[in-house]
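A quick write-up on the structure given underneath.
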Amino acid sequence: MDNRDSYETLVSLLCDVFDGVNVQDIRTSAVGVKIFHMAADPRIPSDPVITSLLSKIMEMAFRLESYQQVLK
887 MDNRDSYETL
897 VSLLCDVFDG
907 VNVQDIRTSA
917 VGVKIFHMAA
927 DPRIPSDPVI
937 TSLLSKIMEM
947 AFRLESYQQV
957 LK
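Just so you know, we're using the working numbering here: the sequence shown kicks off at 887 and counts up by one.
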């Protein structure tokens, strides 16, 4: 599998993870669990760029949850 296939797989998985997700779901941490599973997916190369991307997505999800709590 070349890098292009790997990145296409990552994009596809990201779309699956966030399909229909709203901020309420983040609180259940289901999104976080899916992202951790995705990071371990053997189809995704262990690459610093991808690791960084997944970390940023997790950070965004938790920030959204924090903002939602403040707004309540």
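The C-beta atom is built at its ideal place from N, Cα and C for all residues, glycine as well. Remember, predicted model here, so these are calculated numbers, not experimental data.
| Got a sec? Which residues, its chain only, sit under 8 angstroms from I921 by beta carbon, not counting five neighbours each side? | In the sequence shown, residue 921 corresponds to position 35, counting from 1. So the list reads V903, L940, I943, M944, A947, once near-sequence residues are dropped.
| request: Leaving aside the five residues before and after I930 along the sequence, list all residues of the same chain whose C-beta is less than 8 angstroms from its C-beta, in chain order. | output: For this step, residue 930 is matched to residue 44 along the sequence shown. For I930, where only same-chain residues beyond five positions count, the Cβ hits under 8 angstroms are S892, T895, L896, L899, M924, I936.
| query | Alpha carbon to alpha carbon, what distance is there between V956 and R949? | reply | Counting from one through the sequence shown, the residue named residue 949 turns up at place 63. Counting from one through the sequence shown, the residue named residue 956 turns up at place 70. R949 and V956: Cα-Cα distance of roughly 11 angstroms.
| field | S938 versus A926: straight-line alpha-carbon distance, rounded | value | Reading the sequence shown from its first residue, position 52 is the one you call residue 938. Reading the sequence shown from its first residue, position 40 is the one you call residue 926. Going by the C-alpha atoms only, they are around 14 angstroms apart.
| said: Quick check: the Cα distance between P934 and S952, rounded to an integer number of angstroms? | reply: Start at 1 with the first residue of the sequence shown, and residue 934 comes out as number 48. Start at 1 with the first residue of the sequence shown, and residue 952 comes out as number 66. Computed Cα separation, rounded: 27 angstroms.
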